[in-house]
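Enquirer:
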Amino acid sequence: MADRLHDPHLHNGAQNPEKWFDTSAYAIPAAYTTGNGNRNEPNLRGPAYGNWDMSLDRKQQFGERVSFELRFEAFNAFNNRNLGMPDGSITDGTFGQITSSGQPRNLQIGARLAF
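Here the sequence shown stands for residues 1 to 115, numbered as in the numbering used here.
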């Protein structure tokens with residue numbers, strides 16, 4: 001655990017992937033001691049996550065025994081940028097930074113002929 005020096009929240013839209021919270025709010029504790037901060041900061045939140053998966057399909061019957069199905073699927077259909085969680089390890093060079101993101105939009109088309 002790190003020593004917590006002051007409130008780590010960044011206000012007024014100051015958050016960005018390079019600095020999600022105020023890293024100067026924490027210090028590495030002295031050797032052989034535990035810090036005074038919480039193991040988990042309950043009020044520090046990661047970025048919002050938005051994901052819309054959609055599909056459209058059409059099935060056509062030909063006689064009694066043959067059918068054809070066409071599917072179109074979109075994963076993360078609106079291509080939302082979903083950032084990962086900020087690095088919470090005070091000894092890392094990327095402490096307080098977001099270095100990962102979720103998947104971009106993925107489109108898929110499929111067809112099925114059943115007889």
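All residues carry an ideal CB built from backbone N, CA and C; glycine is no exception. A quick note: this is a predicted structure, and the numbers were derived from the prediction, not measured.
(1) With a threshold of 8 Å, are at least 3 pairs of Cβ atoms found where one atom belongs to the stretch 36-55 and the other to the stretch 75-86?
(2) Is the stretch 61-69 touching the stretch 27-36, taking contact as three or more C-beta pairs under 8 Å?
(3) What first and last residue would you give for the beta strand (DSSP E) that runs through Gln108?
(4) Which partner residues does Gln61 have in the DSSP bridge list?
(5) Considering only C-alpha positions, which residue in the set Phe78, Gly13 and Arg4 is nearest to Arg105?
(6) Using a threshold of 8 Å, state whether the C-beta atoms of Met1 and Gly37 are closer than that.
(7) Going along the chain, which residues of its own chain have a beta-carbon closer than 7 Å to the beta-carbon of Ser67, five neighbours each way excluded?
(8) How close, in whole Å, do the beta carbons of Ile132 and Trp20 come, if the pair is a contact with beta carbons under 8 Å?
Expert: The relevant details are as follows:
(1) yes
(2) No, because fewer than three Cβ pairs between the stretch 61-69 and the stretch 27-36 fall closer than 8 Å, the two stretches do not touch.
(3) Asn106 to Ala114
(4) Ser67
(5) Phe78
(6) yes
(7) Lys59, Gln60, Gln61 and Ala114
(8) Any answer about residue 132 is impossible in this case: the structure gives the chain only from 1 up to 115.
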